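Just below is one structure, and these are the notes that go with it.
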C-alpha cells in the first residue's frame, strides 16, 4: 500500500496508535533522514520498543512490513525533504514569530494539497449539488470555518446554514432527511458535539461529509465522505492557527469545484449578491 506521503500518513493516524507505536512514530517524525538508514533493531532501540512493535507499527499504517515502509519513507525523504521551522517559543522576537507562523501556514497548505483526495472532493461536490439543505457544523475556530462555508454556498443560491452552538447543531440535524447534507468540521475529529450532530444527521438519512486532520478519528469513521487536511498544531494549539488555514482552503476548493459544475447559474447568483451589496455603498 503506497501513500502520497508517508510522513503525512503517520501524522494523520498518530492519535490512534498505541503508546509504544507512538514512540516509534515520534522517532521517525523527529528525524526522517536518520530513520531511513536504521535497521529495525536500531529503530526499536531508539524508540525503546521491540522489533515486533516496529513491525506492528508498519502494518497498522497499512504497509506489508518494515522494508516496504522504509522504501516509501526513503522516497519521501529523497524527493520531498522535510523542512524544519520549529515551534514558537515564549522568547521569540517579532520577526521570528512572523517567520514561523507564515512557514507553518505554508507547510499546512502544501501538506493539505497532497492529502486532500480529489476523489473525495468529487464525491462531496456531487452530493452538495443535489442537496435540498446543507448544514455546516463547527465549534470554536472550526465554527468560524463553518460560517465562512455558509457565506460562500449561500451566495450561490444553495440552502446552506452554519451552526456553532451544540444544541442548535443536534436539534437541526435531527430534522434533516434524505437529500440533505451535513458537513462536520473538526481538526481532531474527536470533538464530541460535532460527532454527535453528524451521527444524528446520518441517522435522519442525510449524507455526511467531514473536514478533519485525522483519518481514523471518530468523525471520519462516521462520515460518508472524508476531506482530510494536514496541519500541525504545537504549543499554541488553542489558537488553531495552521489548522484553520487548511480547513478554509479545503472549503474554498470544495466551493469553487461546485461553482464550476454549473458556472453560468452560480456566477449569476454571485453577480446578483455583489450588486446588492454594492448598491448600499455610499457614492
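Numbering (the working numbering), first residue to last: 27 to 309. Glycine is no exception: its CB is placed at the ideal position from the N, C-alpha and C atoms. Remember, it's a predicted structure, so these values are computed and weren't measured experimentally.
- Fewer than three Cβ pairs drawn from the region 119 to 134 and the region 147 to 160 lie within less than 8 angstroms of each other, which leaves the two stretches out of contact.
- Taken in chain order, the complete alpha helix (DSSP H) segments of 4 or more residues contained in the region 52 to 117 are 58 to 62, 66 to 73, 77 to 86, 92 to 105.
- Check the Cα spacing between residue 102 and each of 32, 117, 78, 251: the tightest is with 32.
- Spatial neighbours of residue 92 in its own chain (CB-CB distance under 7 angstroms, excluding positions within 5 residues in sequence) are listed in chain order as 66, 80, 81, 84.
- The beta carbons of residue 205 and residue 244 sit no closer together than 8 angstroms.
- Distances from the alpha-carbon of residue 193 to those of 181, 226, 180, 207 put 226 closest.
- In this structure, residue 277 and residue 167 do not form a Cβ contact; the two beta carbons are roughly 13 angstroms apart against a cut-off of 8 angstroms.
- Straight through space, the alpha carbons of residue 201 and residue 124 are spaced by roughly 45 angstroms.
- Between the alpha carbons of residue 89 and residue 51 lies a gap of roughly 14 angstroms.
- The beta carbon of residue 74 sits closer than 7 angstroms to the beta carbons of 49 from its chain, once the five residues preceding and following it are set aside; these are given in chain order.
- At a Cβ-Cβ threshold of 8 angstroms, residue 229 and residue 207 do not count as neighbours.
- Under the DSSP assignment, residue 220 falls in the alpha helix (DSSP H) whose first and last residues are 218 to 229.
- In terms of Cα proximity to residue 249, the closest of 222, 127, 44 is 222.
- For the pair residue 240 and residue 38, the CB atoms are nearer than the 8 angstroms cut-off.
- Following the DSSP letters along the chain, one finds residue 128 inside the alpha helix (DSSP H) bounded by residues 120 to 141.
- Around the Cβ of residue 220, a 10 Å sphere holds 16 or more other Cβ atoms; the residue is buried.
- Residue pairing by DSSP places residue 236 opposite 210, 252 in a beta bridge.
- Per the coordinates, the alpha-carbon of residue 57 lies some 13 angstroms from the alpha-carbon of residue 36.
- Contact annotation: residue 209 and residue 235 have beta-carbon atoms nearer than 8 angstroms.
- The Cβ atoms of residue 162 and residue 188 sit closer than 8 angstroms to each other.
- Minimum Cα-Cα distance from residue 181 among the listed residues 285, 254, 44 corresponds to 285.
- Under DSSP, residue 185 forms no beta bridge with any residue.
- By the criterion of a C-beta distance shorter than 7 angstroms, residue 283 is surrounded in its chain by 147, 151, once the five residues flanking it on both sides are discounted.
- Of 164, 177, 213, the smallest CA-CA separation from residue 199 is found for 164.
- Separation of the CB atoms of residue 137 and residue 34 is rounded to 6 angstroms, and the pair is thereby assigned contact status at 8 angstroms.
- Boundaries around residue 281 are those of the alpha helix (DSSP H), 267 to 287, since no beta strand (DSSP E) includes it.
- By the neighbour-count criterion, in which a residue is buried when 16 or more other Cβ atoms sit within 10 angstroms of its Cβ, residue 69 is buried.
- Distance check between residue 155 and each of 43, 185, 257, 116 places 185 closest, using alpha-carbon atoms only.
- The residue among 94, 212, 100, 76 with its C-alpha nearest the C-alpha of residue 55 is 100.
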